[in-house]
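J.: Keeping their order, the protein sequence lines are chains A and B.
The numbering of the first sequence is the working numbering, which starts it at -5 and goes up by one.
The numbering of the second sequence is the working numbering, which starts it at 18 and goes up by one.
Even glycine gets a Cβ: it sits at the ideal position worked out from N, Cα and C.
Got a structure here, written out as structure tokens. Questions coming.
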Amino acid sequence: DERTGDPKAKSPKMPVSNNLSEYFKQFLFPENECELHDFKLSFSQLKWDNWIVAPHRYNPRYCKGVCPRLVRHRYGSPVHTMVQNIIYEKLDSSIPRPSCVPAKYSPLSVLTIEPDGSIAYKEYEDMIATKCTCR
Amino acid sequence: SQTLEDEAGSLTSGETSLEPKPLPRDQPLDGENSPSLLPPLLKVLVDRHLPGAPRLHPDSRALRYMKRLYKAYTTKEGIPKSDRSHLYNTVRLFTPNAQHPQPSWSQVTGGLQSMDLLFNLDRITAPEHLLKSVLLYSLKNSVSFSSTTKCMCYLIVKESECSSPSYFRSPQPFTISLQFEFRKNHKWIEIDVTTLLQPLVASKKRNIHIAVNFTCLEDQQNPVQDELLDMAILMAPSLLVYLNDTSAQAYHRWNSLRYKRRHQMSPDQRDLFLYPMEEELTQSRKFSRHRR
């Protein structure tokens, strides 16, 4: 507000693009923080499509990124994670930082042709990562 | 670091030690003896060491049926639909043994037709418990029956000692007669054989002989001509078994149902639901306190 205070005081540099959400995003989600990423594969790439009939494509997803120092509010990490981070930062950097790993999964149904020619429909647990955490 | 094959190897040889033991490279992993508890993705790595493990091709109609079942049970991403309440997480479809002469309809007695079928159920693993089983007939949609056509089907299910039909051990055969109707544009007929198959599968019998006799009547009195029946029922039936795989890596729906309920229930209800033992213990403790 130029009327009050030192006219020379710089107003916060507003982004040229005037795109506020982008501007604030840098404060909310620092770059390459721990989060879920897609990895879509088809069984024909692995040459398994001669016995896996369905699904044709499978996205197991994976977790990648740096674990922030204050992990409780967003990742529901135990206090141990912050302790480990403090040890890494202040006491012994040979202790690994907390890792970005899956916290929750969803199942996957697979239709396969068995060696004897019979056909099997099976539901497998924990085949698709759905949430990441820092541990 | 341990490669996946080595991991698979240690898994298959049942070693539980955690330190990685590199497998001798020259010794191929014996994928055939690996317990089929390996999830299929890992199993293929084990089988990879087998010289191009041969794989029989399934019947195209059977494959088409199972693809429809897959579409009915899963979302587009292949995730099991959560609105299904039944407990089976595995469905296996077996076609009759090829080496057994292709079963043919044979005129037995007035209007009776019989078919001898031999199924090998070796793919059913120990953790898989039978919940339901049906004989699945595929119909030619060109043939249609009047809605008053009713069929009686007599089933004899026996355990067969080995593949050729002449050496069937003669335990008491399970016989059952079922009634069903040919419905319009129904491509499949399912005949429930759960009560017959359950005792055999539960006692680890894996070679099953099923003799099927059909007789169909129109308007309750005129037998349906054999030719029509012959034409309608396209081929030997498949055997469909619905199983509950109790192994750790299989998806257990009721676990996720319990998980959901736990998060929806009020705390006291939740305890009661999840820890009935806890409830009893607290009751008995109160009781003992009063007594004291």
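Along the alpha helix (DSSP H) that carries K84(B), what are the first and last residues, could you check?
T.: S77 to Y90
J.: At what residue ranges does the segment 38 to 120 of chain A contain a whole run of the alpha helix (DSSP H), taking only runs of 4 or more?
T.: You should have 66 to 69 and 73 to 80.
J.: Relative to the C-alpha of T211(B), which candidate in L148(B), L134(B) and I96(B) has its C-alpha closest?
T.: L148(B)
J.: Tell me which same chain residues have a C-beta within less than 7 Å of the C-beta of R55(A), skipping the five on either side of it?
T.: L30, H31, D32, F33, I122 and A123
J.: Under a Cβ-count criterion, where at least 16 other Cβ atoms within 10 Å of its own Cβ denotes burial, should G95(B) be classed as buried or exposed?
T.: buried
J.: Taking one C-beta from the segment 100 to 114 of chain B and one from the segment 109 to 122 of chain A each time, how about it: are there three or more such pairs within less than 8 Å?
T.: yes
J.: How far does the alpha helix (DSSP H) with V218(B) in it extend, from its first residue to its last?
T.: T211 to A219
J.: Suppose the cutoff is 8 Å on Cβ atoms and the five residues either side in sequence are ignored; what does the same chain contact list for R101(B) look like?
T.: Y90 and R270
J.: With DSSP collapsed to three states, give me the class of L138(B).
T.: In the structure shown, the three-state DSSP call for L138(B) is coil.
J.: Give the residues of chain A in contact with A143(B), contact being defined as C-beta atoms less than 8 Å apart.
T.: What A143(B) touches in chain A: nothing, since even the nearest Cβ is about 15 Å away.
J.: With distances taken between CB atoms, is the gap from P97(B) to S103(A) smaller than 8 Å?
T.: yes
J.: Does the beta-carbon of P101(A) have 16 or more other beta-carbons within 10 angstroms, so that it is buried, or is it exposed?
T.: buried
J.: Starting from Y87(B), find everything on chain A with Cβ-Cβ shorter than 7 Å and list it in chain order.
T.: A48, S103, L105 and Y115
J.: Strictly below 8 Å CB to CB, what residues from chain D border Y52(A)?
T.: Absent here is chain D; the protein component of the structure consists of chains A and B.
J.: I want to verify the contact list: residues of chain B whose CB lies under 7 Å from the CB of S38(A), in sequence order.
T.: Here the premise fails: no neighbours, minimum Cβ distance about 13 Å.
J.: Under 7 Å Cβ to Cβ from R140(B), same chain only, skipping five residues before and after it: list those, please.
T.: R109
J.: Tell me the rounded alpha-carbon separation between S93(A) and D120(A).
T.: 19 Å
J.: Among K58(A), R91(A) and I46(A), which one has its Cα closest to the Cα of L80(B)?
T.: I46(A)
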